[in-house]
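Participant:
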RNA sequence: GCCCUUUUAGCUUAGUGGUAAAGCGGCAGUUUUGUAAACUGUUGACGUCAGUUCGAUUCUGACAAAGGGCUCCA
């Protein structure tokens, strides 16, 4: 989307927010409108509803009123006003007055717009003629939101909506939302028996059921193999550590999701919230030479984070998560090359999961709050310059993200687009000059001098749990064969076919095809239906015809009828051929 | 954490101030089946703790959990 189109869309949505404000104030006398901006996928408008309470059921009525009001909105009249005029004009609306006072203080002009029947304080940015342009909008939901996003302030009522220039675009958006709902990983996770979150175990602590555990292991093993191919060394570290460790690393003060400490032998310990300081110990375990670098220390490391109860969400936000973590210790002259390697690795891995569209964010310090970060100005400037150079040389489209840096260094974050066009931040590669100081790391260079290394903190999937949630939605539960927990379901038609089916089951299982034998006393149709709903990629049906065709008890002499989960009948195939076909698909990751 | 909503059997849902209905599932039996649900029977639940009441799953409160939302500034 070009910038102009983007501006137009924002103007359209901002205009819709004004129309919403007018309509709500008409329907609910005394309601006060606060802010109402265009946002990424639409717009919202906050209200202090006074004595009224509204819910999603009231939206059609409000939307109807908006449509009634729309024809009279043919053009806007804009005016600049003084603060005292603003106080007078908006005397019934303390939110507008508060904003006007703040803008005046900030030296901003105070502006109003008026389409003829609804004066509002406004920052500008509207479509020329709403009655003609604003025809494709929809109200989506009602939610609570704090005035100015601060939980100490009053809770207002927020109405979300969206608007698009064309009916097609609006329909597409609505379709996407519905599709996302269908693909919800909590729903599919339940249907396919991938995971549960048990109330007795606790919120944010998912339990992976057999099928989900298989998926986990496939992902974790895949990551391990890809990294081992590239000289990453896997380690294992314990799940708790002395609190002091995190004081030294600085996480204790800068990181707000650490669990409360527990006491062991009069010393305080905490559950591990990040793998970094543990991996530093690997580096520090013996003197290092410049020849040892880059040293890539990797672990699928489980950590515990005390996320606020309100933000927990399925597998997306949990309290126990496994990071596909790497800490790579490099000489400063190796930073560029190692980053290049890492970016290629990320691209390769993500494309195996079907993610091919991405952008890169260069996450930098928040200039206004430099106190949030550890380390001195010189080191930070050096790191930020280095990372921008890497981004520039990468050939990947990138943009700056001020305030998104880690407390110890700037990051490259890769944002991937999924099958529904939603964006996810998974991979991150952070450049750290600060922790080598904290932990007094060094290596001996070619002149025998002690030198500090730099550290790259790398996670590709991020959290394995969250990533599983993402790919469940990416594939809508229809996993490619290499990821499918069950790859083949063997379906004998009648009891007399079970023995033969069991033989085939044994052969495919021994050939590393994840096979299940459905020998329940059910009709073939019911078994097909169940396997299809479970989205098992292939079914192998065995009846009289297959047994008659089969000869010797060898893979090339045993036949089954193969059906795909999409309902395609692939005909009678011998077991050797079927195994081969699946192995090709597994290898190609399709 | 805060605001709103929700919580009835393994799952999806119905319903009531006098302890609850159904489908799927589970179990038992019958059936032995040709590409998305065979038949019969049976089992099984009001989130937890208080309060009001003769009596609470239903009303009130607290707690817990789940869902939506809470930095995108007129």
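Residue numbers (this note's numbering): 26 to 615. Think of the CB as a built atom: it goes at the ideal place given N, C-alpha and C, for glycine as much as any other residue.
1. How should residue 438 be labelled, buried or exposed, when 16 other C-beta atoms within 10 angstroms of its C-beta is the threshold for buried?
2. Could you pull out every residue in the same chain whose Cβ sits closer than 7 Å to the Cβ of residue 95, ignoring the five residues on either side in sequence?
3. Smallest Cα separation from residue 355: which of 305, 391, 294 and 478?
4. Between residue 135 and residue 108, how many whole angstroms is the CB-CB distance? I'm expecting something under 8 Å.
5. Would residue 287 pass as a contact of residue 294 if the rule is Cβ separation under 8 Å?
6. Express the C-alpha separation of residue 400 and residue 313 in angstroms, rounding to a whole number.
7. Straight-line CA distance for residue 5 to residue 507?
8. Runs of 4 residues minimum, wholly inside the segment 163-193: which ones carry the alpha helix (DSSP H) assignment?
9. For my contact list, residue 388 and residue 319 are in at a C-beta cut-off of 8 Å; report their separation, rounded to the angstrom.
10. Kindly indicate which residue of 92, 316, 147 and 606 has the alpha-carbon position closest to the one of residue 476.
11. Which residues bound the alpha helix (DSSP H) around residue 241?
12. Whole-angstrom Cβ separation of residue 374 and residue 251, contact assumed at under 8 Å?
13. State whether the segment 447-455 contacts the segment 487-501, with contact taken as three or more CB pairs (one from each stretch) at a distance under 8 Å.
14. Looking at C-beta atoms only, is the number of pairs between the segment 401-408 and the segment 511-521 that lie closer than 8 Å three or more?
15. Does the structure place the segment 272-281 close enough to the segment 295-306 that three or more beta carbon pairs sit under 8 Å?
16. For the segment 321-398, which segments carrying the beta strand (DSSP E) assignment without a break, of at least 3 residues, lie completely within its bounds, in sequence order?
17. When you compare each of 237, 311 and 140 to residue 99 by their alpha carbons, which one comes out closest?
18. Would the beta-carbon of residue 337 fall within 8 Å of that of residue 494?
19. Short check: CB of residue 23 to CB of residue 37, under 8 Å?
20. Would you say the beta carbon of residue 188 is closer than 7 Å to some non-hydrogen atom of the ligand COA?
21. Helix or strand or just coil, what does DSSP make of residue 111?
22. Who are the Cβ neighbours of residue 33 in its own chain at under 8 Å, not counting the five residues just before and after it?
23. For the segment 524-539 against the segment 460-472, are there 3 or more C-beta pairs whose distance is under 8 Å?
24. Return yes when the Cβ of residue 597 is within less than 8 Å of the Cβ of residue 581, no when it is not.
25. Roughly how many angstroms lie between the CA atoms of residue 592 and residue 334, to the nearest whole one?
26. If you draw a straight line from the alpha carbon of residue 369 to that of residue 56, how long is it in whole angstroms?
27. Can you find at least 3 beta carbon pairs, one from the segment 532-548 and one from the segment 406-421, that sit closer than 8 Å?
28. Could you tell me which of 534, 201, 237 and 300 sits nearest to residue 215, measuring between CA atoms?
29. Out of 167, 197 and 218, point me to the one whose CA is closest to residue 188's CA.
30. Quick one: using the 10 Å Cβ neighbour count with 16 as the cut-off for buried, is residue 300 buried or exposed?
31. When DSSP builds the beta bridges, which residues end up paired with residue 137?
32. Per DSSP, what kind of secondary structure is residue 429 in: helix, strand or coil?
33. Rounded to whole angstroms, how far is the Cβ of residue 563 from the Cβ of residue 586, which I believe are closer than 8 Å?
34. Would you list the residues sitting across from residue 480 in a DSSP beta bridge?
35. Out of 161, 269, 428 and 424, state which residue places its alpha-carbon closest to the alpha-carbon of residue 89.
36. What distance in whole Å lies between the Cβ atoms of residue 513 and residue 565, which are believed to be in contact at a cut-off of 8 Å?
Facilitator: On the basis of the supplied data:
1. buried
2. 44, 155, 156 and 159
3. 478
4. 7 Å
5. yes
6. 23 Å
7. The displayed coordinates of the chain run from 26 to 615. Any statement about residue 5 would go beyond what the structure contains.
8. none
9. That pair is no contact at about 22 Å.
10. 316
11. 235-253
12. 6 Å
13. yes
14. no
15. yes
16. 345-355 and 382-389
17. 140
18. no
19. Any answer about residue 23 is impossible in this case: the structure gives the chain only from 26 up to 615.
20. Looking for the ligand COA in the displayed structure turns up nothing, as the structure carries no ligands at all.
21. helix
22. 152 and 190
23. no
24. no
25. 43 Å
26. 54 Å
27. no
28. 237
29. 197
30. buried
31. 104 and 146
32. coil
33. Contact flag wrong, Cβ pair sits at about 11 Å.
34. 354 and 457
35. 161
36. 6 Å
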